[in-house]
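I have placed the structure first, in the form of structure tokens, so that the comments after it can refer back to it.
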Amino acid sequence: MTFVLGARAAKADYGLVAFDQAGSTNVEALAHARRGDTKRSWFVTSEQTAGRGRRQRPWIAPRGNLASSVLEVLNVAPAIAATLGFAAGLAIESALRQVSLEAALRSRGRASFALKWPNDVLADGRKIVGMLLEAEQVAGGLAVVAGIGTNVVAAPTDTPTPAVSLADLGVQVTAEDLFSVLSDSWVEFFGIWNEGRGFGDIRRLWLDRAAGLGQPVAIRSGHAIVEGIFDTIDEQGCMVVRTAEGRLEPITAGDVHFGSVASKGAV
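Numbering of the sequence shown is given in full-length UniProt numbering, commencing with residue 1 and proceeding in unit increments.
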């Protein structure tokens, strides 16, 4: 099969660069922007050999999984661009729900998906998607790349957080089919985000799908650990934790642990 844009993405005039194999779709997208091509485009492959996630952690996609990055060149401040990651989460979560529902109609139960702050999607509590947002100033504006890696046919086993694939969940779909749905879903949520002006709506939609909201949480950032209750995300996209003393603590980055792991201090 070949990668094809969804009808809505094609109508919105997105470009598509598909690789049989790529080191990193984010790297390819940023290189494209540096060369002066500011057309909004997708960069996709079903086999990624040198991808990375937050804090330079490797994100390898064996053949059959989906590694995808969308490039948007924007005239917004970096702080505004950072909130685009929440739209990316909504786009892939929506696409996963759609393909999962179609699979459930053919076979067995439907998987449950949730968004984990700041940049993961969970399926029945296990990681199925990792995202990485990167930005770089280029001649045409701020090149923003949203990298979205999805476990379609296989999931890693040596990760700090348990992982799962769509195939493990009984959802039989190809990377190519999922991408077409994702490209259309991106058009919807990127439009709602509206260069940051619609982040209030994105924030509400994201909170409706948030993992661990209202539950105990521990966030490790470097050597520091903040513990409390996951209260909300604020207008800048920070996680807000209500500590035992009742203080609302905004968190800009860190590794998030829920439930029993949180009670053990995120070890």
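For every residue, glycine included, the Cβ atom is placed at its ideal position computed from N, Cα and C.
message: Using the three-state DSSP reduction, which class does residue 117 fall into: helix, strand or coil?
response: coil
query: Beta-carbon separation of residue 255 and residue 229 under 8 Å?
result: Judged by their CB atoms, residue 255 and residue 229 are not nearer to each other than the 8 Å cut-off.
query: CB-CB under 8 Å to residue 235, same chain, minus the five flanking residues each way: which ones, in chain order?
result: 199, 200, 203
- prompt: At what residue ranges does the stretch 116-156 contain a whole run of the beta strand (DSSP E), taking only runs of 3 or more?
  reply: 120-123, 126-138, 141-150
task: Identify every residue that forms a DSSP beta bridge with residue 48.
output: 22, 61
message: Going by DSSP in three states, residue 164 sits in which element: helix, strand or coil?
response: Coil at residue 164, not helix or strand.
query: At a cut of 8 Å, does the stretch 139-159 reach the stretch 60-67 through at least three beta carbon pairs?
result: yes
C-alpha gap between residue 40 and residue 72, whole angstroms: 5 Å
- prompt: What is the residue span of the beta strand (DSSP E) that residue 35 lies within?
  reply: Counting along the chain, residue 35 falls outside any beta strand (DSSP E), and DSSP gives it neither H nor E.
query: Applying the criterion that 16 or more other CB atoms from any shown protein chain within 10 Å of the CB defines a buried residue, is residue 75 buried or exposed?
result: exposed
message: Three or more C-beta pairs under 8 Å: does that hold for the stretch 119-139 against the stretch 81-94?
response: yes
task: Could you tell me which residues DSSP pairs with residue 239 in its beta bridges?
output: 233, 251
query: Are residue 44 and residue 18 closer than 8 Å when you measure CB to CB?
result: yes
- prompt: Who are the near neighbours of residue 171 in its chain, counting only those whose CB is closer than 7 Å to its CB and skipping five residues on each side?
  reply: The answer, listed in chain order, is 99, 100, 103, 111.
task: Could you tell me which residues DSSP pairs with residue 258 in its beta bridges?
output: 217
query: Among all the DSSP beta bridges, which residues are the ones paired with residue 43?
result: 17, 69
query: How many angstroms separate the CA atom of residue 227 from the CA atom of residue 187?
result: C-alpha separation (whole angstroms): 36 Å.
query: If you count every other CB in all the chains shown that lies within 10 Å of the CB of residue 221, and 16 or more means buried, which is it?
result: exposed
query: Which one of 193, 246, 48, 190 has the shortest CA to CA distance from residue 175?
result: 48
query: How many angstroms separate the CA atom of residue 197 from the CA atom of residue 28?
result: Going by the C-alpha atoms only, they are around 28 Å apart.
query: Taking just the CA atoms, how far does residue 7 sit from residue 224?
result: Between the C-alpha atoms of residue 224 and residue 7 there is a straight-line separation of about 47 Å.
- request: Could you tell me whether the Cβ atoms of residue 206 and residue 96 are closer together than 8 Å?
  value: no
message: Helix, strand or coil for residue 265? Go by DSSP, reduced to three states.
response: Confidence at residue 265 is low in this model, with a pLDDT of 48, below 50, so its placement is unreliable and the value that follows should be read with caution. In the structure shown, residue 265 sits in coil (DSSP, three-state: anything other than H, G, I, E or B).
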